[in-house]
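> Residue numbers (the numbering used here), protein chains in the order written: chain A, 13 to 206; chain B, 13 to 206.
By construction, the Cβ of each residue, glycine as well, lies at the ideal position given by its N, Cα and C atoms.
Given the structure is predicted, the values throughout are model-derived calculations rather than measurements.
The following block contains the structure, expressed as structure tokens.
2 protein chains.
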Amino acid sequence: MKLLEEKILKDGKLPGGGILKVDNFLNHQMDIELFCQMGQEFARLFAHKNVTKILTVEASGIGVACIAAQYFGNVPVVFAKKSEAKNLDADVYSTVVHSFTKDKDFTVRVSKNYISPDDKILIIDDFLAVGEASLGLIDICRQAGAEVSGVGICIEKGFQGGGQRIRDLGIELHSLAIVNFTDDGSKIEFVKES
Amino acid sequence: MKLLEEKILKDGKLPGGGILKVDNFLNHQMDIELFCQMGQEFARLFAHKNVTKILTVEASGIGVACIAAQYFGNVPVVFAKKSEAKNLDADVYSTVVHSFTKDKDFTVRVSKNYISPDDKILIIDDFLAVGEASLGLIDICRQAGAEVSGVGICIEKGFQGGGQRIRDLGIELHSLAIVNFTDDGSKIEFVKES
């Protein structure tokens, strides 16, 4: 998506270590105009899927998932919770996800009330790297017997293998921007979806 | 706001212990149609404030803050982060907030890049009880020298004092529903904003 690629080039930062920092428009400060454009693009890409619900994981996927839902006829959005909260149903689907950014395992949970075998679920997240979070959400959908209609990602880091892991499951994945680093790590380049 | 009050009566649950559970439309599964209505209502209530940015805290405030931002001319939304993340700027405003739900203190942080003295900040959150989270966000705005235009809350628990603490600071607070429990705790009743 050209608008997102331009935004990454203009405002993304490369502090080194394979990190692309986009916290001024995606995952700390959020550019709502851009989110609306991304939401419309997800709706276009997954229009044929008759999505009944959007699933994401706290925290930074929630904004784009909610904005996108408007373009899917205001389907409900469910966000998986990362920490055990007193007021979460005891009866949950859960899965363990490893965060390489934070270097620890955490459990993500979704109440069994909010995913059913009738649902056609679109998973949306802001970032895809190794794919742990998305694969965890796919696991939760499968526990519920729900259909995974697809996975929609804002920025995929093409060199970290998460995209391939999802496509290998036969799941339709669309990333609005796929970035690779140049060999010396000083620049990024964009890859077209295959 | 009548629509929200009706939704609370229809879908809210009272498991006891002063808890109002609204995770099927507000803070786990999110009703996007309702969020749009709430966003429009916040825009109406704070129309005179020339808001330049919306500030919330992860995770459950993010959805309604993003949807609402669309009705404020797509102002950016910033969410305060609760945990120390590798990819957050070292240079942050931070404050300590006590969570009574989780019975622990946590630090919330906002990068200094994303709040400036020129900003007129509307704080939005899904719930207001004792007021710790909102007061923490107000503290962060003051550290930045930004104006706090107001606080917009979806559901205020009127009996827990948070609303009064914010109003006592001279800050304009609007809660779309203010709930109290009846003496035996078996029912809720709504309070009008004073």
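Quick check: the Cα distance between Glu53(B) and Arg121(B), rounded to an integer number of angstroms?
Indexing the second sequence from 1 puts residue 53(B) at position 41. Indexing the second sequence from 1 puts residue 121(B) at position 109. Rounded to the nearest angstrom, the two C-alpha atoms are 28 Å apart.
> Identify, in the order they occur along the chain, each residue of the same chain with its Cβ nearer than 8 Å to the Cβ of Gly51(A), setting aside the five sequence neighbours on each side.
Locating residue 51(A) in the first sequence gives position 39, counting from the first residue. So the list reads Val76, Ile79, Ala80, Ala81, Gln82, Tyr83, once near-sequence residues are dropped.
> List the endpoints of the continuous beta strand (DSSP E) containing Asp130(A).
Within the first sequence, the letter at position 118 stands for residue 130(A). Segment: none, Asp130(A) is in no beta strand (DSSP E) and carries neither H nor E.
> DSSP state of Phe84(A), grouped into three classes?
Mapped onto the first sequence, residue 84(A) falls at position 72. In this structure, Phe84(A) counts as helix in the three-state DSSP scheme.
> Quick check: what's the CA-CA separation for Lys116(A) versus Asn62(B)?
Sequence index remark: in the first sequence, residue 116(A) carries index 104 (1-based). Sequence index remark: in the second sequence, residue 62(B) carries index 50 (1-based). Straight-line Cα distance between these residues: approximately 42 Å.
> Counting only beta-carbon separations shorter than 8 Å, does Cys78(B) have a partner in chain A?
The residue labelled residue 78(B) in the question sits at position 66 within the second sequence. Closer than 8 Å to some Cβ of chain A, the Cβ of Cys78(B) qualifies, so yes.
> Please report the distance separating the alpha-carbon of Thr107(B) from that of Cys48(A).
What you label residue 107(B) is simply residue 95 of the second sequence in a count that begins at 1. What you label residue 48(A) is simply residue 36 of the first sequence in a count that begins at 1. Each residue's Cα considered, the two are about 31 Å apart.
> Do Ile133(B) and Cys153(B) have their C-beta atoms within less than 8 Å of each other?
The count along the second sequence starts at 1 and reaches residue 133(B) at position 121. The count along the second sequence starts at 1 and reaches residue 153(B) at position 141. Yes, the pair counts as a contact, with Cβ atoms nearer than the cut-off.
> What residues of chain A sit near Met12(B), judged by a beta carbon separation below 7 Å?
Since the first residue shown for chain B is 13 and the last is 206, residue 12(B) is missing from the structure and cannot be characterised.
> Going by C-alpha to C-alpha distance, which of Gly175(A), Val109(A), Ala189(A) sits closest to Asp151(A)?
Position 139 of the first sequence, counted from the start, is the residue given in the question as residue 151(A). Nearest C-alpha to Asp151(A): Val109(A).
> Skipping 5 residues on each side, what residues in its chain have a beta carbon closer than 7 Å to that of Ile136(B)?
Working through the second sequence from its first residue, we reach residue 136(B) at position 124. So the list reads Phe54, Ile66, Thr68, Gly73, Val76, Ala77, Ala80, Gly164, once near-sequence residues are dropped.
> Going along the chain, which residues of its own chain have a beta-carbon closer than 8 Å to the beta-carbon of Pro27(A), five neighbours each way excluded?
For this step, residue 27(A) is matched to residue 15 along the first sequence. The residues are Lys33.
> Of all Cβ atoms in chain A, is any one closer than 8 Å to the Cβ of Asp117(B)?
As a first step, residue 117(B) must be located in the second sequence, where it is residue number 105. So no, Asp117(B) is outside the interface.
> Given this structure, state the Cα-to-Cα distance separating Lys93(B) from Glu70(B), to the nearest angstrom.
On the second sequence, residue 93(B) is found 81 positions in, with the first residue counted as 1. On the second sequence, residue 70(B) is found 58 positions in, with the first residue counted as 1. If I take the Cα positions, the gap works out to 6 Å.
> Using the three-state DSSP reduction, which class does Lys33(A) fall into: helix, strand or coil?
Sequence index remark: in the first sequence, residue 33(A) carries index 21 (1-based). Looking at Lys33(A) - three-state DSSP - the assignment turns out to be strand.
> Taking 8 Å as the CB-CB cut-off, is Lys19(B) touching chain A?
Counting from 1 along the second sequence, the entry for residue 19(B) is found at position 7. No, no contact with chain A.
> Pop quiz: Leu57(A) and His186(A) are said to be a contact at Cβ under 8 Å. What is the actual Cβ separation, rounded to whole angstroms?
Position 45 of the first sequence, counting from 1, holds the residue named residue 57(A). Position 174 of the first sequence, counting from 1, holds the residue named residue 186(A). At roughly 5 Å, the Cβ-Cβ gap stays under 8 Å, so Leu57(A) and His186(A) are in contact.
> Compare the Cα-Cα distances from Thr64(A) to each of Tyr126(A), Phe112(A), Asp35(A), Asp43(A) and report the closest residue.
For the purposes of this step, residue 64(A) is identified with residue 52 of the first sequence, where counting begins at 1. Per the Cα distances, Tyr126(A).
> Is it buried or exposed, Leu181(A), if we count other Cβ atoms within 10 angstroms and call 16 or more buried?
Here residue 181(A) is taken as the residue at index 169 of the first sequence, counted from 1. Its Cβ having fewer than 16 others within 10 Å, Leu181(A) is exposed.
> CA-CA distance, Leu16(A) and Ile190(A)?
Taking the first sequence and counting its residues from 1, the one referred to as residue 16(A) is at position 4. Taking the first sequence and counting its residues from 1, the one referred to as residue 190(A) is at position 178. Each residue's alpha carbon lies about 10 Å from the other.
> In whole angstroms, what is the alpha-carbon distance linking Lys25(A) and Ile20(B)?
As a first step, residue 25(A) is located in the first sequence; it is residue number 13 there, counting from the start. As a first step, residue 20(B) is located in the second sequence; it is residue number 8 there, counting from the start. Their backbone Cα atoms lie some 43 Å apart in a straight line.
> Can you give the beta carbon distance from Ala141(A) to Lys169(A), rounded, assuming they're within the 8 Å contact cut?
Counting from one through the first sequence, the residue named residue 141(A) turns up at place 129. Counting from one through the first sequence, the residue named residue 169(A) turns up at place 157. So it is a contact: roughly 5 Å between Cβ atoms.
> Can you tell me which residues form a DSSP beta bridge with Ile66(B)?
As a working mapping, residue 66(B) is identified with position 54 in the second sequence. Val89(B), Leu134(B), per the DSSP bridge assignment.
> Does the distance from the C-beta atom of Ile183(B) to that of Asp138(B) stay below 8 Å?
Counted from its first residue, the second sequence places residue 183(B) at position 171. Counted from its first residue, the second sequence places residue 138(B) at position 126. Contact flag unset, no.
> Under three-state DSSP, which class holds Leu181(A)?
Within the first sequence, the letter at position 169 stands for residue 181(A). It is coil, neither helix nor strand.
> Sorted by chain position, which residues of the same chain lie with C-beta nearer than 6 Å to Ser206(B)'s C-beta, five sequence neighbours on each side aside?
By 1-based counting over the second sequence, the position of residue 206(B) is 194. Here the set comprises nothing.
> Under three-state DSSP, which class holds Glu205(A)?
The residue you call residue 205(A) lines up with position 193 of the first sequence. Of the three classes helix, strand and coil, the one that applies to Glu205(A) here is coil, per DSSP.
> Take the Cβ of Asp43(B) as the centre, count every other Cβ of all protein chains shown within 10 Å, and call the residue buried at 16 or more, exposed below.
Within the second sequence, the letter at position 31 stands for residue 43(B). Looking at its Cβ environment, which holds 16 or more other Cβ atoms inside 10 Å, Asp43(B) is buried.
> With burial defined as no fewer than 16 other Cβ atoms inside 10 Å of the residue's Cβ, what is the status of Asp196(A): buried or exposed?
If you number the first sequence from 1, residue 196(A) lands on position 184. Exposed, since its Cβ has fewer than 16 Cβ neighbours within 10 Å.
> Rounded C-beta distance between Glu30(A) and Phe202(A)? I'm assuming under 8 Å.
Counted from its first residue, the first sequence places residue 30(A) at position 18. Counted from its first residue, the first sequence places residue 202(A) at position 190. The residue asked about is misnamed: residue 30(A) is Gly in this sequence, not Glu. With 8 Å as the limit, Gly30(A) and Phe202(A) do not qualify as a contact, their Cβ atoms being about 16 Å apart.
> Since Phe47(B) is in the alpha helix (DSSP H), which residue starts that stretch and which ends it?
Locating residue 47(B) in the second sequence gives position 35, where the first residue counts as 1. Where Phe47(B) is concerned, the enclosing alpha helix (DSSP H) stretches over 44–57.
> Please report the distance separating the alpha-carbon of Phe118(B) from that of Lys204(A).
For the purposes of this step, residue 118(B) is taken as the residue at position 106 of the second sequence. For the purposes of this step, residue 204(A) is taken as the residue at position 192 of the first sequence. So the two alpha carbons sit approximately 41 Å from each other.
> Based on the DSSP output, what are the partners of Thr119(B) in its beta bridges?
Residue 119(B) sits at position 107 when you count from the first residue of the second sequence. Answer is Val108(B).
> Quick one, which of Lys14(A), Leu147(A), Gln172(A), Ser123(A) has its alpha-carbon nearest Ser95(A)'s?
In the first sequence, residue 95(A) corresponds to position 83, counting from 1. Of Lys14(A), Leu147(A), Gln172(A), Ser123(A), the residue nearest in Cα terms is Ser123(A).
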